[in-house]
Amino acid sequence: MEKLTVGRAIAAGLRKKLADDPTVYLLGEDICDPYGGAFRITRGLSSEFPGRLINVPISEAGTVAVTTGMALRGLRPVVEMMFGDFIALAADQLINHAAKFSWMYNGAVSVPLVVRAPMGGRRGYGPTHSQSLERMLLSTPGLRIVAPTPRHDAAALIGAAIDDPNPVVFIEGKLLYAAEQATVSEHYDIAHTHPPYPAAVLNNAAGEQPNVTVVTYGPMLPIVEEAMTATFNEDEVACEILAPSEIAPLDTALIGESVARTGRLIVAEEGPRSWGWAAEVVARVVERWGDRLVARPVRVTGRDLPLPTARPLEDHVLPGVETVRGAVEKVMLQ
Amino acid sequence: MATCAKLDIYEQMYLIRAFEERIAELFTRGELFGTTHPCIGQEATAVGVVTALEPTDVVTSTHRGHGHFLAWTGDVKGLMAEIMGRATGVCAGRGGSQHLYAENFYTNGITGGMGAVGTGMALAEKQQESGNIVCSFIGDGALAQGILHEAMNMASLWNAPILYALENNLYAMSTHVRDTLAGGIVPRADALGIESATVESEDVFEIIEASEKAVEYVRENCRPYLLELRTYRFCGHSINDERAYRTREEEDEWRKRDPLALLAGALDGADRREIEGRCQARIERAIAAARKAPVQDLGDIGKGLWKS
């Protein structure tokens, strides 16, 4: 049996919704057969569901605008951005249109739109095809940002996003497409919080008090896991890793509750250091649970630089396993 | 054209004119907050196009949308209360002048954006075989937005039943169309394989006729259509515009072709006065009601942000 990767899980979720709900349409550049999308996620679906997948011109703004209109009038369109970086081209359609209509019209309408966006680096695609641009959308009220990890059920998550009456930007870590999806692990006890957008909670303290809370999302989770497994084996530091799938709006209760127990917080994301998701999480924890902290929180992030193409340069800009381990050392030594 | 139809059209056009003039007064008196984009002079394009549509069709409009809204809904109270920021407004005061909603009617304040959203709406109507078409009002300024080109390209590729009703009032804010638009408008439609026509008339009945032809084409063929309507706004772009960029002589020339005055001249004086009095009374009642209405309860301000 082929292993279930995050990419296959997303494809399975799309297939299920296409089969179950005749109002679901998939639109994107080169998504139809034989190409099946730049990352081959939709391969086979246009043959299986004739007329339900539409190849679009290279018009990201137009595609998001048109699908917003479709969503306002009874359909459930799903857009595939070929690369998440191109979401910048559709910023106006997401920020000034899709995210605004329901609230602006005093709740009279819904915009059940999903925009799937492959994000993240480590594949050598360079400055305009490797970013984590979800950060540009996190502060838009009315826009839900969801990011699966290998510890989530990505098929269920994309299904929930399609069923959602609100616009959802679905962040797919490119590196995760080939990563195996598994909700059990030899190193961690894994639990999930409330659906439809659960946080994955990974704990290796075996019933004891974990020493540190690590919060992350999307493609940083496997890196965090690897780092924390090594830290546990070599330094006996046990952790609780929290990976929310709904990264905005963010429910911080789970994070606060964990920090109240551990007293230590690391927040990891792949995007650049400044003005990021990690900064927001740290700020919220300090504001509400600052008196429970025994050490200053530490962020693990990319550098404030564009992403280079050459591998050693890209490795230098992005946070890796060693960066996470360095953060653990920093937070434990205080 | 039967007299009763003429009277009805005149009433719709006069209502828009009187409404917009009253809004300007309320601004001058400091009773309104923010800004607004009046459509004084463009009543015939609003009423003319809307007259050609079916009530189940869908309309999108622009920052300059009061005329379209009133032609579509006749809801003077809801629009006035919205502009006055009251809970009884069509969007409870959240949207204000340029973000309006009514059943099958949507406006937004981003130039060109709703022409593209309307294209998707048209595809949804087609997919659901509703038989409805979408009419997206756009302006000459929107032609400079790439999004509109993208959407019209898709509309033609995918046979979207949409009428782009382009009100060319010669000015994108203060900048004349000759300084913003290279080539021509109709050639743009031609290049995309979209049928089009230009109406250069202040006669609302000519506009109705051209609109009915366009609507029929869109509905029968399930294809997009671009209808360019030459018009002129007698007022400024917004409330804070002294119109320093054009001469009073130019305005006077257009005033001589005022579509409302043209139609008024063809009506019996007593009929006209009765209509005008009725419209003014509706507007005054709407203002009085809005003045008494509360603003939205602050406890409700988050409602509608997330649907469940």
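Note that the protein sequences, when read in sequence, are chains U and E. Convert by adding 16 to the 1-based position in the first sequence; the result is the number in this note's numbering. Convert by adding 157 to the 1-based position in the second sequence; the result is the number in this note's numbering. Don't be surprised by glycine CBs; every beta carbon is placed ideally from N, CA and C.
Quick one: give me the first and last residue of the beta strand (DSSP E) that residue i is part of.
{"i": "C292/E", "result": "291-296"}
{"i": "A322/E", "result": "319-325"}
{"i": "M135/U", "result": "130-135"}
{"i": "C255/U", "result": "255-260"}
{"i": "F117/U", "result": "Note, F117/U: premise wrong, no beta strand (DSSP E); alpha helix (DSSP H) at 117-120."}
{"i": "R430/E", "result": "Not the beta strand (DSSP E): R430/E falls in the alpha helix (DSSP H), residues 426-449."}
{"i": "A177/U", "result": "Element bounds for A177/U: not the beta strand (DSSP E) but the alpha helix (DSSP H), 170-179."}
{"i": "E385/E", "result": "382-387"}
{"i": "E96/U", "result": "92-96"}
{"i": "S353/E", "result": "352-356"}
In terms of alpha-carbon separation, which member of the options lies closest to residue i?
{"i": "T79/U", "options": "W463/E, D409/E, R403/E, H306/E", "result": "H306/E"}
{"i": "T337/E", "options": "L323/E, E363/E, L300/E, N310/E", "result": "L300/E"}
{"i": "N71/U", "options": "W315/E, E373/E, T160/E, T404/E", "result": "W315/E"}
{"i": "D409/E", "options": "G198/E, A181/E, H194/E, F176/E", "result": "G198/E"}
{"i": "I458/E", "options": "S63/U, N122/U, H113/U", "result": "N122/U"}
{"i": "G303/E", "options": "R89/U, E76/U, V310/U", "result": "E76/U"}
{"i": "E256/U", "options": "R277/U, A246/U, E262/U, D267/U", "result": "R277/U"}
{"i": "F102/U", "options": "K116/U, S118/U, R132/U, L88/U", "result": "R132/U"}
{"i": "I440/E", "options": "S218/E, A228/E, E182/E, M237/E", "result": "M237/E"}
To the nearest whole angstrom, what separates the beta carbons of residue i and residue j, a pair I think is in contact under 8 Å?
{"i": "E260/E", "j": "G224/E", "result": "Not confirmed; about 18 Å, so no contact."}
{"i": "L129/U", "j": "T84/U", "result": "6 Å"}
{"i": "Q293/E", "j": "M271/E", "result": "For the record, residue 293/E in the displayed sequence is Ser; it is not Gln. At roughly 6 Å, the Cβ-Cβ gap stays under 8 Å, so S293/E and M271/E are in contact."}
{"i": "S148/U", "j": "G136/U", "result": "6 Å"}
{"i": "L34/U", "j": "R59/U", "result": "Wrong, their Cβ atoms sit about 13 Å apart, outside the cutoff."}
{"i": "A371/E", "j": "Y389/E", "result": "About 21 Å; that fails the 8 Å criterion."}
{"i": "V247/E", "j": "G235/E", "result": "4 Å"}
{"i": "R243/E", "j": "A447/E", "result": "5 Å"}
{"i": "C196/E", "j": "E178/E", "result": "So it is not a contact: roughly 11 Å between Cβ atoms."}
{"i": "A273/E", "j": "V82/U", "result": "6 Å"}
{"i": "I174/U", "j": "G29/U", "result": "4 Å"}
{"i": "G393/E", "j": "R400/E", "result": "5 Å"}
Exposed or buried, what is residue i when buried is set at 16 or more other beta-carbons lying within 10 Å of its beta-carbon?
{"i": "C436/E", "result": "buried"}
{"i": "V347/U", "result": "buried"}
{"i": "N289/E", "result": "buried"}
{"i": "G456/E", "result": "exposed"}
{"i": "E286/E", "result": "exposed"}
{"i": "Y233/U", "result": "buried"}
{"i": "N310/E", "result": "buried"}
{"i": "A183/U", "result": "In the sequence on display, residue 183/U carries Pro and not Ala. Per the 10 Å Cβ criterion, buried."}
{"i": "P93/U", "result": "buried"}
{"i": "I74/U", "result": "exposed"}
{"i": "K449/E", "result": "exposed"}
{"i": "M350/U", "result": "Note that residue 350/U is Gln in the sequence shown here, rather than Met. Q350/U should be labelled exposed."}
{"i": "S146/U", "result": "buried"}
{"i": "S218/E", "result": "buried"}
Taking the continuous alpha helix (DSSP H) assigned at residue i, which residues delimit it?
{"i": "M244/U", "result": "237-251"}
{"i": "V82/U", "result": "76-88"}
{"i": "N310/E", "result": "303-314"}
{"i": "R186/E", "result": "R186/E -> no alpha helix (DSSP H), and no H or E assigned at all."}
{"i": "H225/E", "result": "223-230"}
{"i": "D205/U", "result": "D205/U -> not in any alpha helix (DSSP H); beta strand (DSSP E) instead, spanning 205-208."}
{"i": "I364/E", "result": "361-378"}
{"i": "T202/E", "result": "200-208"}
{"i": "P344/E", "result": "342-348"}
{"i": "R8/U", "result": "There is simply no residue 8/U to check, as chain U begins at 17 and stops at 350 in what is shown."}
Once the 5 residues before and after residue i are set aside, which same chain residues still bring their CB inside 7 Å of it?
{"i": "V22/U", "result": "P164, P166, A170, L192, Y193, A195, Q197"}
{"i": "V361/E", "result": "I166, M170, A201, V204, G205, P416, L420"}
{"i": "A254/U", "result": "N220, A221, E224, P226, N227, F248"}
{"i": "A216/U", "result": "T165, R167, H168, I206, H208, A259"}
{"i": "S290/U", "result": "D320"}
{"i": "A177/U", "result": "V130, V162, V184, F186"}
{"i": "T276/E", "result": "A308, M311, A312, A317, I319"}
{"i": "C48/U", "result": "S62, L69, N71"}
{"i": "Y402/E", "result": "S331"}
{"i": "G266/E", "result": "H220, Q255, H256"}
Cutting at 6 Å between CB atoms, please list the residues of its own chain near residue i, excluding the five before and the five after it.
{"i": "T339/U", "result": "V316"}
{"i": "A279/E", "result": "V291, A317, P318, I319"}
{"i": "E359/E", "result": "R414, P416, L419"}
{"i": "H194/E", "result": "H220, R221, S395"}
{"i": "A27/U", "result": "I57"}
{"i": "P181/U", "result": "S126, P128"}
{"i": "L20/U", "result": "Q197"}
For residue i, which residues from the same chain have a beta carbon less than 8 Å from its beta carbon, with the 5 sequence-adjacent residues on both sides left out?
{"i": "I111/U", "result": "L153, T156, L159"}
{"i": "L164/E", "result": "L424, D428, I432"}
{"i": "G104/U", "result": "Here residue 104/U is Ala; the residue named in the question, Gly, does not match the sequence. Same-chain partners within the cutoff: L149, M152."}
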